[in-house]
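In my numbering, the protein residues as written are 1 to 289.
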């Protein structure tokens with residue numbers, strides 16, 4: 001059996017089982033490739049069609065065991081492997097923290113936020129940091145910045161601390177247990193926030209893979225705005241006068257506009273659409289404070 005045939009075998013079984021994607025992969029083929037390459041210890045950019053790569057019966061058995069576990073438990077693959085990737089960067093992950101997939105990572109990679117981060121003494125906050133992936137990516141994007149990662153969950157911050165250590169960012173990333181902005185100090189040039197924003201109806205409809213993640217990181221109340229409301233009302237006092245807040249809201253655009261009819265965000269284009277990540281300047285938020 002070739003590597004491609006093994007990936008196709010896994011893809012077919014994942015599709016037939018009706019498992020859900022969206023936690024690091026978006027379809028059965030991507031998930032099958034990740035599953036096979038990780039289980040065999042191969043780089044994720046391995047050429048699946050390389051004719052020199054054949055798969056032994058022992059390797060097939062290893063892959064089949066992981067495939068069966070994924071299908072039977074409906075656990076996200078990232079939790080089974082203990083690792084996830086965001087913008088090509090690997091992160092430790094387990095059930096204590098949401099699996100990294102924030103669209104804000106795309107915005108960072110595009111360089112659209114660079115103008116808000118000064119060349120010296122820059123301060124960036126990652127509010128609701130979870131496993132710390134955005135904080136690490138921010139520190140990588142802006143070597144001149146100190147990054148402050150805040151999260152309500154001490155358990156999630158334990159995972160974040162591992163990722164800070166993994167990427168040798170301990171001198172530049174501070175992690176704090178914080179209910180909203182409670183542990184913030186001073187002013188920040190940029191605040192990144194991927195908060196819990198899933199509305200109650202959508203929470204009730206989540207497939208098993210997403211219910212395996214901490215509900216604290218997902219559930220946003222009846223309209224998805226329970227965290228976002230106080231966040232936007234308080235953000236201005238923590239931003240520099242020319243600072244900005246970058247906020248991910250998923251598919252909650254209708255609820256967001258009803259909750260904040262006076263706001264006119266700059267919507268940032270992402271692979272998931274152009275109404276899921278908003279940029280709000282400090283001046284826009286002052287009226288809410």
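Every residue, glycine too, gets a C-beta built ideally from N, C-alpha and C.
Cβ distance (whole Å) where residue 132 is taken to contact residue 175 below 8 Å: 7 Å
Residue 279 - partner residues in DSSP beta bridges: 246, 266
Host alpha helix (DSSP H) of residue 136 (start-end): Taken as a continuous stretch (DSSP letters only), the alpha helix (DSSP H) holding residue 136 covers 133 to 141.
As assigned by DSSP and simplified to three states, the class of residue 203: helix
Nonlocal neighbours in the same chain, by C-beta distance under 8 Å from residue 188, ignoring five residues either side: 123, 124, 125, 148, 238, 239, 240, 243
Simplified DSSP state of residue 118, which is helix, strand or coil: coil
Contact the stretch 257 to 267 vs the stretch 208 to 218: 3+ CB pairs below 8 Å: Below 8 Å, too few C-beta pairs join the stretch 257 to 267 and the stretch 208 to 218 to call them touching: fewer than three.
Secondary structure of residue 258, DSSP reduced to three states: helix
Option in 152, 181, 267 with minimal Cα separation from residue 235: 181
Local Cβ density within 10 Å of residue 113, reported as buried at 16 or more and exposed below that: So residue 113 counts as buried.
Pick from 28, 166, 79 that is closest to residue 17, judged by C-alpha positions: 28
Through-space distance from residue 84 to residue 58, alpha-carbon basis: 25 Å
Nearest-angstrom Cα separation, counted from residue 258 out to residue 245: 19 Å
For residue 231, the first and last residue of its enclosing alpha helix (DSSP H): 228 to 234
Assigned exposure category for residue 78 - 16 Cβ within 10 Å defines buried: buried
Spatially closest choice to residue 160 from 207, 22, 93, by CA coordinates: 93
Of the listed residues 171, 155, 3, nearest to residue 44 (C-alpha basis): Of all alpha-carbon atoms in 171, 155, 3, the one lying nearest the alpha-carbon of residue 44 is that of 3.
When 134, 223, 190 are compared against residue 255, the one with the closest alpha-carbon: Among 134, 223, 190, the Cα nearest to that of residue 255 belongs to 223.
Boundaries (first-last residue) of the alpha helix (DSSP H) holding residue 209: 208 to 211
CA-to-CA distance, residue 200 to residue 207, given in whole angstroms: 14 Å
Contacts around residue 163, its chain only, beta-carbon distance under 7 Å, and the 5 residues preceding and following it disregarded: 91, 92, 131, 132, 133, 136
Proximal residues to residue 31 (C-beta, below 7 Å), its chain only, five neighbours per side dropped: 14, 21, 25, 77
Option nearest residue 154 by Cα separation, candidates 138, 144, 177: Of all alpha-carbon atoms in 138, 144, 177, the one lying nearest the alpha-carbon of residue 154 is that of 177.
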